[in-house]
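Residues 1 to 194, numbered by the UniProt record's numbering, are exactly what the sequence shown covers, in order.
For every residue, glycine included, the Cβ atom is placed at its ideal position computed from N, Cα and C.
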Amino acid sequence: MGAVNCVVLRDGKYIGENTDGKGFLKSLNTVVSPAGKSIVILGAGGAARAIAVELALENASEIIIVNRDESRALSLVNLLNSKTNCKSEFHPWAKAYEVPKHVDILVNATSIGMAPDLDAKINIEVSSFRPELVVADVIVNPPMTNLLKDAQKAGCQIIDGLGMVINQAVLGIKYWTGEEVDPAIMRNRLLEVL
Numbered sequence: 001m002g003a004v005n006c007v008v009l010r011d012g013k014y015i016g017e018n019t020d021g022k023g024f025l026k027s028l029n030t031v032v033s034p035a036g037k038s039i040v041i042l043g044a045g046g047a048a049r050a051i052a053v054e055l056a057l058e059n060a061s062e063i064i065i066v067n068r069d070e071s072r073a074l075s076l077v078n079l080l081n082s083k084t085n086c087k088s089e090f091h092p093w094a095k096a097y098e099v100p101k102h103v104d105i106l107v108n109a110t111s112i113g114m115a116p117d118l119d120a121k122i123n124i125e126v127s128s129f130r131p132e133l134v135v136a137d138v139i140v141n142p143p144m145t146n147l148l149k150d151a152q153k154a155g156c157q158i159i160d161g162l163g164m165v166i167n168q169a170v171l172g173i174k175y176w177t178g179e180e181v182d183p184a185i186m187r188n189r190l191l192e193v194l
């Protein structure tokens, strides 16, 4: 995958793990399974990479990577096409992106709209949102980003970034201590401080 955010000691060896994709997948699965779905991911950085790999491993039928930097996006597309059974392609992000009509899930894996830049809006054609589209954002602060507000107004089901970050923490604690923690308690505490 090429991205590590958690190091675990197993059998005397340090192993790099990435909880981004696993945390996102657990959050997504509370709403919809990615199996057989067409998915657009905005961004091609570390989080996008981890999320794309997990979605592909969960049998997504298609993953479209939308990014301004073509080489970074193509690196991810090539990884998915060569290492998984998921079809992947790159769409350039030079103007307002229009979500294709056949797409089931839209994921924002960029930092656009994250605090302190709360007024920032993703360059996307909101008129292409349909009620059957699931829109997820990885941003935690604020939990309700401008993208999610626009998606909710369009009747889409939305998923905020809190689930992903909480699931990442649950996985990290499990990796490091072997202990299970209650994600509901973590979510409530996180909401208190945001």
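For the pair Ile122 and Asn108, the CB atoms are nearer than the 9 Å cut-off. Every alpha helix (DSSP H) stretch that sits fully inside the UniProt domain "SDH C-terminal" (161-191) and reaches 4 residues is listed by chain position as 162-177. Counting the other CB atoms within 10 Å of its CB gives Thr30 a total below 16, which places it among the exposed residues.
Segment contact: the segment 48-66 against the segment 79-89, three or more CB-CB distances shorter than 8 Å; contact assigned.
In this structure, Pro183 sits near Ile166, with a CB-CB distance shorter than 9 Å.
The three-state reading of DSSP puts Phe90 in strand, counting E and B together. Here Gly161 is buried: its Cβ has 16 or more other Cβ atoms, across all protein chains shown, within 10 Å. In this structure, the alpha-carbon of Arg130 lies about 7 Å from that of Gly155.
For Ser82, the enclosing alpha helix (DSSP H) begins and ends at 70-83. In the three-state DSSP reduction, Leu118 falls in the coil class, being neither helix nor strand.
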